[in-house]
Amino acid sequence: MQRERLGSRLGFILLSAGCAIGIGNVWKFPYMVGQNGGGAFVLIYLFFLLVLGIPVMTIEFSLGRASQKSPVRLYQQLEPKGSKWHYHGYVALSGNYLLMMFYTMVAGWMMYYGYVMATGKLSGASSDEVSGFFSNLMTSTGTMTGWMIVAVLLAFGVCSLGLQNGIERITKVMMVCLLTIMVVLCVKSCTLPGAIEGIKFYLLPDFGRLKENGLLSGIYAAMGQAFFTLSLGIGAMAIFGSYIGKERRLTGEAISITVLDTVVAFVAGLIIFPSCFAFDVNPGQGPGLVFVTLPNVFREMAGGRIWGALFFLFMSFAAFSTIIAVFQNIIQFARDMWGISLKKSVLINGVLLILLAVPCVLGMTDWAGFSIGGKSIMDIEDFLVSNNLLPIGSLVYLLFCMTRYGWGWDNFIKEANTGSGVKFPTHKAIRFYLTFILPLIVLFIFVQGYWGLIAG
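What the sequence shown shows, in my numbering, is residues 32 to 487, in sequence order.
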């Protein structure tokens with residue numbers, strides 16, 4: 032089976048950035064900034080993005096391009112004969128399924144709120160009624176299941192059109208719309224009366240405020256967010272490396288995608304914080320920031336129905352860009368492993384993912400009493416992905432590329448630096464950092480996740 036190719040470098044960058052840009056950027060990042068004191072947290076986040084995110088993304092792209100295969104097959108293509116690295120490929124694939132088991136439900140929430148805002152269902156509602164609306168959604172099995180199914184069908188519908196004609200073409204349009212809506216919302220938010228205080232909170236580093244909120248917990252949160260925002264460790268980036276040619280070096284591509292991902296997260300904060308301060312609401316609200324706090328902001332804002340609908344359309348695009356990218360990974364895996372057609376892979380996985388997402392919905396409603404260690408089904412799935420499969424996967428990719436027992440440093444450098452553009456540094460200090468220091472940092476993230484669970 033001949034490997035499909037992306038039609039352009041822009042398509043590759045937007046598709047890879049779309050995979051990275053998701054709910055973590057536009058939902059999780061702003062409320063984490065709010066909870067950890069503002070600008071100082073942003074600076075620490077950017078530092079870890081540079082020293083953690085870009086090297087691991089370059090490694091994933093290199094593995095994908097060198098093998099021309101999806102995550103399971105790439106090990107079989109590149110590993111030394113008789114070694115067992117390919118077992119991690121199945122773990123990586125399970126991470127893609129597990130991520131989509133709760134991510135599609137949250138994407139459904141975004142779409143539903145876009146519909147609610149556009150139709151004016153919250154117009155004239157009181158603050159308590161806005162809060163109650165979200166609480167009612169969390170108890171409605173039918174509404175959440177219905178919008179989850181819509182999210183799955185729409186995303187698989189795009190994937191069924193093929194790589195260039197479907198995913199690349201539609202992702203380009205969606206990303207351009209996402210960025211345009213962001214700019215419009217940012218201008219609106221930053222020009223509200225009183226918005227300047229929100230801008231100061233967001234952009235002016237105040238390490239005293241960070242210390243008040245817990246310096247070590249803030250640093251760990253920034254480290255984890257920088258690492259997880261790029262969807263590293265489950266082969267989601269490797270798959271797009273397998274669709275590109277050898278014309279460009281991969282470090283520059285990783286930098287471009289990281290910058291675009293960061294810009295989206297950064298501008299999301301410029302939309303949210305000025306709005307919160309303009310209407311005197313708490314920016315450290317936590318996960319309810321998007322679904323409770325911001326609808327109250329839009330309720331007070333002139334033309335709030337339009338701005339609210341645009342905001343949740345933007346949120347939906349961000350969620351969909353990740354879903355489409357991860358679905359493509361899942362679809363391509365089935366095609367690589369069993370040689371089945373695109374349509375058959377879409378049909379099988381579409382049905383499977385709808386069924387797999389139902390327990391997460393029920394965990395919010397009919398099975399709400401079920402928990403393990405105080406965690407709901409959604410929390411368990413999120414914990415398994417964020418605190419286990421992503422860091423462990425990234426650690427395996429690092430060891431595979433840095434040691435002689437795997438693919439090795441020389442093969443990685445040769446692949447990463449093939450083509451034109453930014454060269455991956457080959458200095459001994461960089462190799463030492465990637466071989467010994469970065470794996471320890473990733474291991475720390477993994478252990479700290481469990482420490483937080485036990486301490487909590």
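Just so it is clear, CB atoms sit at the ideal spot from N, CA and C, and this is done for glycine as well.
CB of residue i within 7 angstroms of CB of residue j, strictly
i	j	result
T282	V103	no
L105	V416	no
Q195	I270	no
M179	M142	no
F414	F165	no
I54	A267	no
L77	F259	no
M409	F133	yes
S273	G394	no
R240	G68	yes
A123	I355	no
G300	P61	yes
Assigned exposure category for residue i - 16 Cβ within 10 Å defines buried
i	result
G405	exposed
E446	buried
T434	exposed
F308	buried
I461	exposed
H458	exposed
P224	exposed
V382	exposed
P111	exposed
Q87	In the sequence as presented, Gln is not what sits at residue 87; that position holds Val. V87 comes out buried.
S128	At residue 128 the sequence reads Tyr, which differs from the Ser that was named. Y128 is buried by the Cβ-count criterion.
I501	Residue 501 is absent from the structure shown; the chain starts at 32 and stops at 487.
D441	exposed
A333	exposed
I485	exposed
E331	exposed
V57	buried
F304	buried
C190	buried
Extent of the continuous alpha helix (DSSP H) run through residue i
i	result
M136	118-149
F212	Reading the sequence as shown, one finds Ile at residue 212 and not Phe. Counting along the chain, the alpha helix (DSSP H) containing I212 begins and ends at 200-221.
D311	Note, D311: premise wrong, no alpha helix (DSSP H); not H, not E.
Y76	70-79
Q107	102-109
T449	Element bounds for T449: n/a, residue is neither H nor E.
Q363	335-369
Y62	60-66
P196	The displayed chain sequence assigns Asn, not Pro, to residue 196. Unbroken run through N196: none, as it is neither H nor E.
G95	85-98
N327	325-331
V427	421-433
A156	Neither: A156 is in no alpha helix (DSSP H) and is coded neither H nor E.
Beta carbon proximity, residue i to chain D, threshold 7 angstroms
i	result
G70	Absent from the structure: chain D. Only one protein chain is present.
*Please go through the segment 215-286 and give each complete alpha helix (DSSP H) segment of 4 or more residues, from N-terminal end onward.*
Fully enclosed alpha helix (DSSP H) runs of 4 or longer: 226-234, 238-243, 246-259, 269-272.
*Kindly confirm or deny that the segment 63-80 and the segment 236-250 touch, where touching means at least three C-beta pairs closer than 8 angstroms.*
Touching, yes.
_Completely contained beta strand (DSSP E) runs for the segment 374-418, where each covers 3 or more residues_ = For the segment 374-418, not a single whole beta strand (DSSP E) run of length 3 or above is found.
*Segment contact, 8 angstroms Cβ cut-off, at least three pairs: the segment 36-55 with the segment 284-291*: When C-beta atoms of the segment 36-55 are compared with those of the segment 284-291, three or more pairs fall below 8 angstroms, so the two segments count as touching.
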